[in-house]
Every structure is written in structure tokens, then in C-alpha cells.
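As C-alpha cells, the structure follows; a few thoughts come after it.
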Amino acid sequence: MAPKQRQKLTAAAAAAAATVPEPTTIDSIGEDLLNNILSRLSAESCASAACVNSSWNLIINRFLTLPNLSSAISCNPCLQDVVDEVVDKVLARPIRPQFVMASIGPSYDLKEAHYLITGRFGCQIPVITSISYGIFGQDANTNQFEEVQWNTMKDNQAHEDLRNEDEGVLVTVGFFPGLIVDLIPLKRARDKDIDIKPVLAKLDYAFTEETVIVGDAGSRFLYQDGTISNRFNNRESSSAAVALLFSRDTNKLPGVGETQFHVMLSTGVSPIGPIYKAVYVEAKFRDNSTQFMARTKGIDFYLDGETILDQIYDELGDHTHSRTLYVGVAKTRRCTFGDVRISSMCMHEFYLVLRGDNEYLYVHGDGISYFDSFQFYHANPDLAYASCNDVSNDMKLLKQDLNHLKNDDHSNSNGSMHMHKKSVFGGMMFACYGRGKLFFGEPNVDASPFLENFPGVTFSGTYCNGEIAHGDYCFYVKESKGQSCIRCSLHEFSTVYLVVSYTPPALPED
1 MAPKQRQKLT AAAAAAAATV PEPTTIDSIG EDLLNNILSR LSAESCASAA
51 CVNSSWNLII NRFLTLPNLS SAISCNPCLQ DVVDEVVDKV LARPIRPQFV
101 MASIGPSYDL KEAHYLITGR FGCQIPVITS ISYGIFGQDA NTNQFEEVQW
151 NTMKDNQAHE DLRNEDEGVL VTVGFFPGLI VDLIPLKRAR DKDIDIKPVL
201 AKLDYAFTEE TVIVGDAGSR FLYQDGTISN RFNNRESSSA AVALLFSRDT
251 NKLPGVGETQ FHVMLSTGVS PIGPIYKAVY VEAKFRDNST QFMARTKGID
301 FYLDGETILD QIYDELGDHT HSRTLYVGVA KTRRCTFGDV RISSMCMHEF
351 YLVLRGDNEY LYVHGDGISY FDSFQFYHAN PDLAYASCND VSNDMKLLKQ
401 DLNHLKNDDH SNSNGSMHMH KKSVFGGMMF ACYGRGKLFF GEPNVDASPF
451 LENFPGVTFS GTYCNGEIAH GDYCFYVKES KGQSCIRCSL HEFSTVYLVV
501 SYTPPALPED
């Protein structure tokens with residue numbers, strides 16, 4: 001072939017090669033589309049994708065630093081399957097777990113359930129697994145909100161509407177930007193139960209009203225504190241209580257907003273009868289009870305327990321004496337921390353009434369002193385229903401105040417959002433096991449305030465025995481002149497709501 005012909009062919013080949021497009025890679029599709037794809041991965045796949053290259057890592061870290069709360073429930077009778085179902089659901093989308101809270105049915109083995117749950121999340125994440133009286137949340141299979149209340153009562157005939165199969169698991173996983181999470185156990189003396197009331201009283205003294213303390217006061221639990229050195233510290237007898245502590249991260253990175261907690265309370269007990277003064281008080285530490293007599297205005301002799309209860313039940317119209325009663329005790333106490341003595345504080349505590357005889361009234365627990373004032377309380381579904389409506393109105397005001405989260409014009413099609421306004425991104429609920437469908441006559445009454453005001457936002461909860469909400473809840477007792485606020489942290493027949501919101505960092509001005 002002549003040289004000129006070779007030159008022409010070489011030039012033609014070069015021109016043809018120049019017109020062939022370069023191979024398309026996933027990185028060339030654009031950051032927005034790549035963000036859309038990566039944000040649809042499961043949590044485990046997302047963690048692997050973050051290791052591919054620096055650009056993927058940057059994109060993934062950007063949406064992993066947004067607030068996130070994920071929960072799911074399932075009532076599968078097989079423990080292995082039910083744990084897999086709920087964990088797969090809460091990890092179906094990207095999340096960087098700071099903590100895990102699990103509630104299980106009483107028919108499951110607590111140690112085995114805790115072992116399975118911690119096995120899915122690893123040893124470096126704080127995990128609390130507890131046995132509850134029921135669970136609320138989104139079903140892992142149907143995506144419908146469910147209220148599951150287990151039949152833990154002795155009288156099965158009277159509670160036939162409850163589930164006789166005590167199976168079910170709720171798992172809640174969260175990431176709260178700008179906060180550090182620690183797990184704090186309350187050590188238990190050997191073979192000795194701890195009354196939570198004095199502990200809560202000290203917390204009332206130590207912390208301001210702005211400090212949020214909520215939870216369940218009566219469940220059995222196991223925990224993993226998230227440190228490798230204590231990965232095997234899962235003995236349920238090792239602690240009397242355990243708390244997840246959220247504190248502000250003073251070293252948080254620029255561009256991280258603020259997570260805030262909002263607590264609301266629906267009460268369910270009404271006072272009945274006169275106000276009494278306790279006399280001849282004696283604590284019975286062997287069976288954790290207290291016996292006492294009483295005085296009241298207009299009567300110049302001491303009243304025995306049988307006489308008092310007859311009067312209260314007559315006023316209730318309960319001639320069988322079958323209704324559960326509490327005494328609400330108003331007391332003034334001082335608290336000491338080491339060598340520091342704190343000024344006195346007024347508090348209100350509930351005690352379950354056990355019985356009465358021709359000498360004394362008997363209640364569960366101790367801590368009552370001579371001349372403490374007390375009044376009887378009984379569960380009142382009408383009051384509870386009205387109180388739920390009040391909570392719903394409070395949430396409506398919160399929603400307006402926070403200017404509930406909206407998508408801007410540049411929101412991704414998968415629902416990820418550019419947050420420029422305060423938003424509610426999750427909620428939790430702790431409801432007394434005596435409430436629920438049998439108490440109200442219909443399901444989901446307690447859950448309705450949150451579900452109606454924040455549809456589509458993650459919400460879950462448990463039925464428990466003793467609802468903790470730290471704060472100034474003086475609607476149990478009328479304050480007298482010159483009296484400081486009355487604190488009550490442990491409630492009965494109530495529902496405690498924890499609403500979690502997020503304030504993004506201020507956008508830089510143009």
C-alpha cells in the first residue's frame with residue numbers, strides 16, 4: 001500500500017475513534033441521582049458503599065448525619081424470625097444507629113432475645129431489651145400501625161379481648177444529631193429490690209425542668225452499654241434500672257443542627273374523697289409495704305383502713321370493692337448529695353392500695369411519714385380521654401410552632417428532604433398497661449394525638465407498669481399560697497409522650 005493511502009487510512013481511523021463515546025460509569029450520572037440511589041440502600045449495604053471511594057463516602061455521610069428514628073413491630077411466634085423481621089425493617093434504609101431499644105413479649109426468653117438483637121447490631125451500640133405489657137408501632141410486614149396488648153391479667157375471662165399469645169417484638173433505632181448517647185445503669189444491691197421513687201426524687205432535685213426524663217419504671221431488662229470491654233455485661237440482676245443519657249455534643253461538627261425533646265402527659269386518675277393526714281405510720285420492709293391510720297377535718301378520732309375504704313368505695317358506687325385505688329401522698333422532703341444539702345421540695349407520689357382492716361390501711365412501698373397529706377385516686381377513662389384530647393391540642397400547637405417539615409422544590413423523588421425549618425421526626429410513648437382498648441372501649445386512643453398531628457412520622461411505644469415523666473405536673477394537687485411547685489415523676493394510669501424535633505443549622509446569608 002502506498003504511503004499516502006496509509007496516511008489517509010490512519011487519519012480516518014483516528015477520526016472514527018474520536019467519535020466513540022467513553023464508557024459511562026455510575027459516578028458520571030450526577031450527584032443528585034447518585035444521592036437518590038445510595039439513599040435507597042439498606043443500612044448494611046450503605047455502610048459497604050461508603051467504603052467504595054471518597055465521593056460516595058461524602059454523599060453517604062451527608063444524609064447519615066440527618067436525624068433518624070426507625071421502628072417496627074412483629075408478632076411472629078418464632079423468636080429468631082420475629083427478631084429478623086423487625087431488625088430487617090428498621091435497617092431497610094440508611095441509618096447510623098446511636099442506640100437500640102427493644103421490647104418483647106413475656107413468652108419469649110429475655111436472654112435469648114437480647115442475644116439475638118445485640119448480635120444483629122454488634123457490641124459497640126448501646127442496647128436495652130425489656131419485657132413489656134404490650135407494644136405500639138408500625139407492623140414490619142403490613143406497614144400498618146398496630147396496638148398489641150398482652151393478656152397478663154390473672155382473670156382471663158374478664159380480659160378476653162387481649163392477646164392470649166404473649167408474642168411480639170418492638171425494635172426502635174435512632175440517630176439524634178448533635179447529641180452524645182451514654183448508657184447509665186443503677187447498680188442493685190445483692191438480692192435487694194430498689195424503690196425507684198427515691199431515685200426519681202433525687203433526679204428531681206438535681207435537674208431542672210428543661211431536663212427530660214421519661215421511661216418505664218417496672219420492666220425486667222438486659223442491657224449492653226456499647227463498650228467492647230463490657231460486651232458480656234448482660235446480666236439482668238446486675239442493675240435495678242438503666243437509662244439512656246442524651247447530652248449535647250460540644251464538639252459537634254459544623255453544619256449539624258439541634259435535636260430537641262418535648263414531653264407531654266395524659267393523666268388517667270381522678271381524686272375522690274377528702275384529704276387525710278397519715279398517723280401511726282409504720283413501714284414493713286419485709287414485704288415492701290406501709291401501714292398507717294388517718295385523720296381528716298371534722299373527725300376528732302383516728303380512722304382505720306376498713307372504715308376509710310368503705311367510705312371511698314361507697315362514694316364510687318363500688319359495693320364489691322373491686323376497683324384499683326391509689327393514695328396520692330403530698331410530701332415535703334430535703335435531699336442531700338454528699339455534703340451538700342438542698343432546700344426542701346414538694347412532691348407528689350402514688351402508692352397502690354393493698355387492703356384495709358379494723359386497724360390500718362396498707363399500701364405498697366414506703367416513704368410515707370407522719371402527718372403527710374394524702375388523697376385517694378381511681379382510674380377514670382373519661383378523664384383520660386379528655387386528657388388525650390388536651391395532648392392532641394398541645395401537639396397541634398407544637399406542630400405550628402415548629403413549622404412542620406416540608407419538602408422544598410428540590411426534594412428528591414425518594415422523599416429525602418432539604419431541611420430549612422424545624423421538624424418533628426419521631427416520637428415515643430409509654431402507656432400504663434391498665435389503659436388501652438379495654439379501658440377506653442376502642443383501640444389507639446393513646447396513640448391518636450401523635451398519629452393525627454404527625455402522620456407518616458415514626459412513632460412507637462410500650463405498655464408499662466409505672467410511667468416516668470420528670471417535671472412540674474401540679475394538676476394532681478392544688479398548690480397553696482406560699483407553696484413551691486409540686487413535682488411528680490412517677491405516674492399511674494397515664495401515658496407519657498416524647499416528641500423529638502430537629503432544628504437545622506442556620507443557612508449562610510447571601
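Residue numbers (UniProt numbering): 1 to 510. By construction, the Cβ of each residue, glycine as well, lies at the ideal position given by its N, Cα and C atoms.
Fill in: Beta-carbon spacing of Val-363, Ser-270 below 8 Å
As a first step, residue 363 must be located in the sequence shown, where it is residue number 363. As a first step, residue 270 must be located in the sequence shown, where it is residue number 270. It is not a contact, given that the beta carbons lie outside the stated cut-off.
Worksheet entry | Continuous beta strand (DSSP E) stretch holding Gln-138: start and end | For the purposes of this step, residue 138 is taken as residue 138 along the sequence shown, with counting starting at 1. Looking at the DSSP string, the run of the beta strand (DSSP E) that includes Gln-138 is 134-138.
Worksheet item: Quick one: what does DSSP say Ile-131 is sitting in, helix, strand or coil?
Response: Start at 1 with the first residue of the sequence shown, and residue 131 comes out as number 131. Ile-131: strand per DSSP, three-state reduction.
Item to complete: Compare the C-alpha of Phe-430 against each of Met-101, Pro-94, Tyr-360 and name the closest.
Response: Position 430 of the sequence shown, counted from the start, is the residue given in the question as residue 430. For Phe-430, the nearest C-alpha among the options comes from Met-101.
Worksheet item: Assuming Asn-57 and Ala-50 make a contact with CB atoms under 8 Å, what is their CB distance in whole Å?
Response: Counting from one through the sequence shown, the residue named residue 57 turns up at place 57. Counting from one through the sequence shown, the residue named residue 50 turns up at place 50. About 5 Å separates the two Cβ atoms, so the contact holds.
Discussion item. Check for me: the alpha helix (DSSP H) holding Thr-307 runs from which residue to which?
Written reply: Here residue 307 refers to the residue found at position 307 of the sequence shown. Residues 305-316.
Worksheet entry | Residue environment, Leu-498, which counts as buried when at least 16 other CB atoms sit within 10 Å | The residue you call residue 498 lines up with position 498 of the sequence shown. When all chains shown are included, Leu-498 counts as buried.
Item to complete: Take Ser-387 as the anchor and find which of Phe-63, Phe-440, Leu-354 has the nearest alpha-carbon.
Response: If you number the sequence shown from 1, residue 387 lands on position 387. Measuring from the Cα of Ser-387, the nearest candidate turns out to be Phe-440.
Fill in: Assigned secondary structure, Tyr-433 (DSSP; H/G/I helix, E/B strand, else coil)
Your numbering for residue 433 matches position 433 in the sequence shown. Residue state, collapsed to three classes: coil.
Item to complete: Determine, using beta carbons only, whether Gly-226 and Ile-125 come nearer to each other than 8 Å.
Response: In the sequence shown, counting from the first residue as 1, residue 226 sits at position 226. In the sequence shown, counting from the first residue as 1, residue 125 sits at position 125. It is a contact, given that the beta carbons lie within the stated cut-off.
Worksheet entry | Nearest-angstrom Cα separation, counted from Ala-384 out to Arg-286 | What you label residue 286 is simply residue 286 of the sequence shown in a count that begins at 1. What you label residue 384 is simply residue 384 of the sequence shown in a count that begins at 1. One C-alpha to the other measures close to 35 Å.
Discussion item. Could you compute how far the alpha carbon of Ser-239 sits from the alpha carbon of Pro-185?
Written reply: For the purposes of this step, residue 239 is taken as residue 239 along the sequence shown, with counting starting at 1. For the purposes of this step, residue 185 is taken as residue 185 along the sequence shown, with counting starting at 1. Going from the Cα of Ser-239 to the Cα of Pro-185 covers about 6 Å.
Worksheet entry | Cβ shell of Ile-180 (< 8 Å), same chain only, five flanking positions each side left out | The residue labelled residue 180 in the question sits at position 180 within the sequence shown. Once the five neighbours on either side are set aside, the close Cβ partners of Ile-180 are Phe-246, Ser-247, Arg-248, Asp-249.
Worksheet item: Based on the DSSP output, what are the partners of Val-173 in its beta bridges?
Response: As a first step, residue 173 must be located in the sequence shown, where it is residue number 173. For Val-173, which the question treats as bridged, DSSP gives the partners Ser-70, Val-100.
Fill in: Cβ pair count under 8 Å reaching 3, the stretch 455-467 against the stretch 67-78
yes
Worksheet item: Between the stretch 127-139 and the stretch 207-227, do at least 3 Cβ pairs fall closer than 8 Å?
Response: yes
Worksheet item: What do you reckon, are the CB atoms on Arg-93 and Ala-43 nearer than 8 Å?
Response: One-based indexing of the sequence shown puts residue 93 at position 93. One-based indexing of the sequence shown puts residue 43 at position 43. Yes, Cβ-Cβ distance for Arg-93 and Ala-43 is below 8 Å.
Item to complete: Use the C-beta contact count for Ala-206: other C-beta atoms within 10 angstroms, 16 or more gives buried, fewer gives exposed.
Response: Position 206 of the sequence shown, counted from the start, is the residue given in the question as residue 206. Ala-206 is exposed by the Cβ-count criterion.
Worksheet entry | Three-state secondary structure assigned by DSSP to Thr-254 | Here residue 254 is taken as the residue at index 254 of the sequence shown, counted from 1. Strictly speaking, residue 254 in this sequence is Pro, with Thr absent from that position. If DSSP states are grouped into helix, strand and coil, Pro-254 belongs with coil.
Discussion item. Suppose the cutoff is 7 Å on Cβ atoms and the five residues either side in sequence are ignored; what does the same chain contact list for Ser-494 look like?
Written reply: Translated into positions along the sequence shown, residue 494 becomes position 494. For Ser-494, where only same-chain residues beyond five positions count, the Cβ hits under 7 Å are Leu-265, Ser-266, Thr-267, Gly-268, Cys-432, Glu-467.
Worksheet entry | Proximity to Lys-89 [Cα-Cα], best of Tyr-115, Val-173, Phe-63 | Position 89 of the sequence shown, counted from the start, is the residue given in the question as residue 89. It is Val-173 whose Cα lies nearest to the Cα of Lys-89.
Worksheet entry | Limits of the unbroken alpha helix (DSSP H) element including residue 514 | No statement about residue 514 is possible, as the shown extent of the chain runs from 1 to 510 and does not include it.
Worksheet entry | Between the CA atoms of Asp-166 and Val-87 - distance to the nearest angstrom | Working through the sequence shown from its first residue, we reach residue 87 at position 87. Working through the sequence shown from its first residue, we reach residue 166 at position 166. Rounded to whole angstroms, Val-87 to Asp-166 spans 19 Å at the Cα level.
Worksheet entry | Beta-carbon gap between Leu-64 and Arg-96 smaller than 8 Å | Taking the sequence shown and counting its residues from 1, one reaches residue 64 at position 64. Taking the sequence shown and counting its residues from 1, one reaches residue 96 at position 96. Cβ atoms of Leu-64 and Arg-96: closer than 8 Å.
Practice prompt. With a threshold of 16 other CB atoms inside 10 Å of the CB of Glu-147, please say whether the residue is buried or exposed.
Written response: Here the question's residue 147 lines up with position 147 in the sequence shown. Looking at its Cβ environment, which holds 16 or more other Cβ atoms inside 10 Å, Glu-147 is buried.
Discussion item. When you compare the CB positions of Asp-182 and Met-345, do they come within less than 8 Å of one another, or not?
Written reply: To locate residue 182, count along the sequence shown from 1; it is residue 182. To locate residue 345, count along the sequence shown from 1; it is residue 345. Using a Cβ distance threshold of 8 Å, Asp-182 and Met-345 do not count as a contacting pair.
Worksheet item: Taking the Cβ atom as the reference point for each residue, do Pro-67 and Gly-255 lie within a distance shorter than 8 Å?
Response: As a position in the sequence shown, residue 67 is number 67, starting the count at 1. As a position in the sequence shown, residue 255 is number 255, starting the count at 1. Going by C-beta atoms, Pro-67 is not nearer than 8 Å to Gly-255.
Worksheet entry | Cβ pair Asn-393, Tyr-133 closer than 8 Å | Along the sequence shown, read from residue 1 onward, the residue named residue 393 stands at position 393. Along the sequence shown, read from residue 1 onward, the residue named residue 133 stands at position 133. No, the pair does not count as a contact, with Cβ atoms beyond the cut-off.
Item to complete: Measure the alpha-carbon distance for His-404 versus Gly-427 and round it to whole angstroms.
Response: Within the sequence shown, residue 404 is the residue found at index 404, counting from 1. Within the sequence shown, residue 427 is the residue found at index 427, counting from 1. In this predicted model, His-404 has a pLDDT of only 49, less than 50, meaning its place in the structure is not dependable enough to derive any value.
Worksheet entry | Own chain residues within Cβ distance below 6 Å of Asn-358, not counting five before or after | Counting from 1 along the sequence shown, the entry for residue 358 is found at position 358. The residues are Asp-304, Glu-306.
Item to complete: Would you identify the three-state DSSP class for Asn-412, choosing helix, strand or coil?
Response: Sequence index remark: in the sequence shown, residue 412 carries index 412 (1-based). Residue confidence is low: Asn-412 scores 45 on pLDDT, short of 50, so the model does not pin down where it sits. Its coordinate-derived value is still stated next. Correct three-state label for Asn-412: coil.
Discussion item. Just to confirm before moving on: does the CB-CB distance between Ser-103 and Ile-135 stay below 8 Å?
Written reply: Residue numbering aside, residue 103 sits at position 103 when the sequence shown is read from its first letter. Residue numbering aside, residue 135 sits at position 135 when the sequence shown is read from its first letter. Yes. Within cutoff.
Discussion item. Here's the rule I'm using: 16 or more other beta-carbon atoms within 10 Å means buried, otherwise exposed. How should Asp-401 be labelled?
Written reply: As a first step, residue 401 must be located in the sequence shown, where it is residue number 401. Asp-401 is exposed by the Cβ-count criterion.
Worksheet item: In its own chain, which residues sit with a C-beta less than 7 Å from the C-beta of Leu-91, not counting the 5 before and 5 after it?
Response: By 1-based counting over the sequence shown, the position of residue 91 is 91. So the list reads Ser-42, Ala-43, Glu-44, once near-sequence residues are dropped.
Worksheet item: Under the rule that 16 or more other beta-carbon atoms within 10 Å means buried, what is Lys-331, buried or exposed?
Response: In the sequence shown, the residue the question calls residue 331 occupies position 331. Only buried fits Lys-331, as 16 or more other CB atoms lie within 10 angstroms of its CB.
Worksheet entry | Cβ neighbour criterion (16 or more within 10 Å) applied to His-491 | Stepping through the sequence shown from its first residue, residue 491 is reached at position 491. Result: buried.
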